[in-house]
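There are 2 protein chains.
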Amino acid sequence: MRVSKYLLSTQKETPADAEVVSHQLMLRAGMVRRNASGLYSWLPTGLRVLRKVEAIVREEMNKAGAVEILMPMVQPADLWVETGRWEKFGPELLRFQDRHNRDFVLGPTHEEVITDIIRKEINSYKQLPLTLYQIQTKFRDEVRPRFGVMRSREFLMKDAYSFHLDQESMDVTYDAMFQAYNNIFERMGLSFRPVLADTGSIGGSMSHEFHVLADSGEDLIAYSTESDYAANIEKAEAPMPTGTRGAATQKMTLVDTPNAKTIAELVEQHDIAIENTVKTLIVKGATEEVPLVAIVVRGDHELNEVKAEKIEAVLAPFEFADEADIRKAIGAGPGSIGPVGLNIPVYIDHSVNVMSDFGAGANQDDKHYFGINWERDLPQAEVADLRNIIEGEPSPCGQGTIALLRGIEVGHIFQLGTNYSESMHANVLDQNGKSKTLLMGCYGVGVSRIVAAAIEQNHDDRGIIWPKAIAPFTVGILPMNMHKSHRVKDIAEQLYQDLNDAGIEVLFDDRKERPGVMFADMELVGLPHVVVIGDRNIDNGVFEYKNRRTGEKQEIPFDQLLDFLKSAE
Amino acid sequence: MRVSKYLLSTQKETPADAEVVSHQLMLRAGMVRRNASGLYSWLPTGLRVLRKVEAIVREEMNKAGAVEILMPMVQPADLWVETGRWEKFGPELLRFQDRHNRDFVLGPTHEEVITDIIRKEINSYKQLPLTLYQIQTKFRDEVRPRFGVMRSREFLMKDAYSFHLDQESMDVTYDAMFQAYNNIFERMGLSFRPVLADTGSIGGSMSHEFHVLADSGEDLIAYSTESDYAANIEKAEAPMPTGTRGAATQKMTLVDTPNAKTIAELVEQHDIAIENTVKTLIVKGATEEVPLVAIVVRGDHELNEVKAEKIEAVLAPFEFADEADIRKAIGAGPGSIGPVGLNIPVYIDHSVNVMSDFGAGANQDDKHYFGINWERDLPQAEVADLRNIIEGEPSPCGQGTIALLRGIEVGHIFQLGTNYSESMHANVLDQNGKSKTLLMGCYGVGVSRIVAAAIEQNHDDRGIIWPKAIAPFTVGILPMNMHKSHRVKDIAEQLYQDLNDAGIEVLFDDRKERPGVMFADMELVGLPHVVVIGDRNIDNGVFEYKNRRTGEKQEIPFDQLLDFLKSAE
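Residue numbers (this note's numbering), protein chains in the order written: chain A, 161 to 729; chain B, 161 to 729.
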């Protein structure tokens, strides 16, 4: 591709409204443009990457035995009514009416549509197992779309769905998909990790997420230093306390703590160890009868919202209570809340259950109790795993200790069980002629999100550094002053021709631009290999080659370049 | 692909609600399934064809120098307000609001979005010309979706847009696209024709449609028997009358015609030649002041609605007046209307203008006037080309006569001029630093519609007959009683392996089905080549080969099959 016939559209300035580096670089490198909040157009450079990601996903799906289909983006509402999601799904589900006032949705996912197809097409165990997938545009009306294509409203996804007569078959396909996902991200040249995941609102029993590792990732991954164990921190079980609850040795005393708005201030100002304090968090309850629930974790621990959400009395999705409601119900602000004398349900983490002589808010502003003891000063509360695991703690798998990494979720696989097939009556006849409800799996890849995640993981202060497998072009040709030097022009044109003939994807910067501008654009766009052609090199019969990732330069004789580029990573 | 791992989903019965043969066969061959009115899922066999069509379109666009992008399906309303189409576009434009009550549309086309991108990215003549395209899902809320994917609401389109400083550059790109479209349909193995087209509501100056020829086509194409001339009948100029208006020889007389509701009945019951009668059609006017307009064509001619719509006083899009309104304004029903004494604007076709002593409705029920003469009995009316050209008439190009063909429109290219760039202020600086409004072209291909059109053109009573280039698979393997004969199984498996290794796409029917069922399915799905493996053939060291299109069978020795299939069309 010649830049003169292309829409390069690079920008020098970092756009003010782009918060994350991938969004900034995608705008600056001319990959995407915003059409409206959460709606993006893919310019040529962006689309080339997107299509490569898509092609790798498709190839690995086909290899794993999945069969491609294509379902519509617009879905009839009646299917969503059948599964109950018409009511349950939040405003992210975009609902609208057609010209005949019939209800439709813009599909954020396709469990309903695929289950409807399968219940009509599949009636015998002989047609099973079957895995169908599509690579298709989805819409999710996010309340606050952000980070460019990382969390846009319209996005490209691969979604696969598998159908089984029994759990054994389900497990075989789940493993095949797990392996296919590993292949996908490996082939893309990304550093990634599969992790145990919570099944969340989509339901089901078994689930893994695939994360591209990046310091900027929104998710925390807890992994074992000595085994394969890795889990989203949302899911990773915190270890049980090793000791048991000590006997009470102190009286409970009310202490003035006017300047301690946080645990950190409390332990600094008063002679108490942070491990001897608790945090009491007031969250919204699941019903009108129980509007507030208290969750208590140790002062140095972090609340795990996903674990808390699993308590029946707690509202799902999880939400902290408003300060006004807390004050009205308890009579104090969030900084002074504690479990003593609390008139709402209290749930405590395992590590809080073994504490004695501890400190907590007194449910009066600017006051704490110290020397609190369970059963003496307050009733025993219900105990659960409610905190995040911490780096250095023993791994739940029993081997090694936990370390943490940040990741961006780009894939998610689930065993759904009969969650959808039951409500939609998707049954088949088994070997004995008996009707059985299908078991289902579902398997998603965020195709457009991968592009952003790859950039979060692969960039420097000059621009993007593409892994070869998903680079928009493999090689850039940078001729110096081609419009003045016939020799440079001839050799550049010949090289362009040769590389095209060899099936290598090339971006040939044939613009009348200053070398500095062309260099900067090439680094920004991030092609793996750049070949510079100038009068000085020609005299020596060599090209100047620069590797984008390592920054290393070397001179390569004319006749060796093609072989070099073919073998270069 | 093994049928046992695939979703073949063929059906014996012709679905009752499918009106056209392509829709019937697409349902029966398991290519698509209906999810709701005008919304279809593409099952594996259908999607394979769709992807081949898409790939050919993409390759030819790239070859022609167009650059691929991807715009969102959801578009902000404000762009449509800018061009005035928010008001002008009918209810086919699906409008909806997001969760923040902002207006959006589901894009039926992308002129607004692309022009918005280009006015931001292109500011100099140096960046021109540029042609961008996308292959993307569109939505058009048809009042009565029908014919399956031929006229569905959600569909796949290739839409390209070109941008130019001057008309010369516009013409060069238009020609390149014209050629690319020819290549596309030629490569697909379809019989097609490019025809001059009306520019219609999208506006612009120059336009061609590409039609796949099929007896079931909705469009009529008028072409010259002796030149390249071909035009949609909507557009083809009717020849001017050769004679001039004769002198009046009869008196105008009022005749009772109680049983003549049609022209055919009139000429049969009364001694008058059809060429001496006129049809007067009352159509809706463009304004409230002129609610009705009369269009007069000769009794044996057909009104051309597209030509009529070009009269300023006529409503666009064209609509016939309601009978009640006609009766109220004129005092008679549609069967008795004529131009004499008519109190609404009258427009007559050229051939009507040269008539004398002619018959027409009398604007009284069950009465006609005979012996009517212009200027004597009624004022001279405005004259225009308002009728369809007829087979056998001289071609507008001056060479040969006109013949007619039926076609299905699958492509349409336009020169848009400044229709969109003007209202959206898409300007660039030219060589002299002066601001110029961009010229635009737009070029559409109905990707999903091509699949249906190809079937309308290529089928018989047993099923589809795919051209090789867009067949879902190239070869079908039909083993006879493989589950009983080890020899058949071994040879079939080996052949399947060999063909896969040779990069030939194969559908291997490994089901435990009766041969008759397997044969019928293979003919229905329409693969170009079928190889039958049975014990009898094996004894002779040959495969039985059957060509789907010709129906010819032949025996091919084991070791010659691969070469035969590679070279077979």
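Quick reminder that beta carbons are idealized off the backbone N, C-alpha and C, glycines included. Owing to the predicted nature of the structure, the values given are computational and were not obtained by experimental measurement.
Compare the C-beta of B:D276 against all C-beta atoms of chain A and say whether one is closer than 9 angstroms. yes
Contact set between A:G349 and chain B, taken where Cβ atoms lie within less than 7 angstroms: Under the 7 angstroms cutoff, chain B gives no residues; its nearest Cβ is about 23 angstroms from A:G349.
Across the region 659-669 of chain A and the region 613-630 of chain A, are there enough close Cβ pairs to call them in contact, namely three or more that are closer than 8 angstroms? The region 659-669 of chain A is not in contact with the region 613-630 of chain A.
Going along chain A, which residues have a C-beta under 9 angstroms from B:I229? L167, S201, W202, L203, P204, G206, L207
First through last residue of the alpha helix (DSSP H) which encompasses A:L725: Under the DSSP assignment, A:L725 falls in the alpha helix (DSSP H) whose first and last residues are 721-727.
How should B:S555 be labelled, buried or exposed, when 16 other C-beta atoms within 10 angstroms of its C-beta is the threshold for buried? buried
Residues in the region 555-575 of chain B with C-beta within 8 angstroms of chain A's C-beta atoms, listed in sequence order? Those would be none; no residue qualifies.
Beta-carbon contacts of B:K411 that lie in its chain and below 7 angstroms, excluding the five residues immediately before and after: G531
CB A:N548 to CB A:A396, shorter than 9 angstroms? yes
Using three-state DSSP, classify B:S201 as helix, strand or coil. strand
From the DSSP output, in three-state form, read off A:F718 for me. helix
Between the region 188-208 of chain B and the region 162-179 of chain B, can you find at least three pairs of beta-carbon atoms closer than 8 angstroms? yes
Quick one: residues in its chain with C-beta nearer than 7 angstroms to the C-beta of B:A563, no 5 flanking neighbours on either side, listed in chain order? Y383, T385, E551
Members of the region 169-196 of chain B near chain A, C-beta cut-off 7 angstroms: S169, R193, N195, A196
Test: B:L655 CB closer than 9 angstroms to a CB of chain A: no
Flag A:K280 as yes if its beta-carbon sits less than 9 angstroms from any beta-carbon of chain B, otherwise no. yes
A:V303 CB to nearest chain B CB: under 9 angstroms? yes
Could you tell me whether the region 197-210 of chain A touches the region 607-614 of chain A, where touching means 3 or more Cβ pairs closer than 8 angstroms? yes
Closest to A:E715 by CA distance: which of A:A728, A:N697, A:E479 is it? A:N697
As a quick exercise: from B:G491, B:F256, B:E179, pick the residue whose alpha carbon is nearest that of A:R259. Comparing alpha carbon positions, the residue from B:G491, B:F256, B:E179 closest to A:R259 is B:F256.
Going straight from the alpha carbon of A:V273 to that of A:Q235, what length do you get? 7 angstroms
So, with DSSP's three-state summary, where would you put A:F679? Three-state result, A:F679: helix.
Measuring CB atoms only, is the region 476-488 of chain B touching the region 442-457 of chain B, in the sense that at least three cross pairs come out at less than 8 angstroms? yes
Could you give the first and the last residue of the continuous alpha helix (DSSP H) run that contains A:T243? 237-243
Same chain, Cβ closer than 6 angstroms to A:G636, neighbours up to 5 away in sequence not counted: L667, M682, L687, V690
What in chain A is Cβ-close to B:P251, meaning under 7 angstroms? R259
Look at the alpha carbon of A:D276 and the alpha carbon of A:V241, and state the distance between them as a whole number of angstroms. One C-alpha to the other measures close to 13 angstroms.
Can you tell me whether A:A226 is helix, strand or coil according to DSSP? coil
For B:V453, which three-state DSSP category applies? strand
Kindly list the residues whose CB is nearer than 6 angstroms to the CB of B:H528, restricted to its own chain and excluding five residues on each side of it in sequence; keep chain order. V415, T417, G519, G521, A522
Do you know how far the Cα of A:S164 is from the Cα of B:Y334? When rounded, the distance between both Cα atoms is 19 angstroms.
With a 10 Å radius around its C-beta and 16 neighbouring C-beta atoms as the bar for buried, classify B:N368 as buried or exposed. Here residue 368 of chain B turns out to be His, not Asn, going by the sequence shown. Buried, because 16 or more other Cβ atoms sit within 10 Å of the Cβ of B:H368.
For A:G225, return the contacting residues in chain B, with the cut-off set at a CB-CB distance below 9 angstroms. K165
On a CA-only basis, which of B:V438, B:N419, B:T437 is nearest B:Q429? Give me that one, please. B:N419
Are the Cβ atoms of A:R347 and A:E220 separated by less than 9 angstroms? Going by beta carbons, A:R347 and A:E220 fall inside the 9 angstroms limit.
Keeping to the same chain, check which residues put their C-beta closer than 7 angstroms to that of A:R311; ignore five residues upstream and five downstream. Hits under 7 angstroms: E302, P305.
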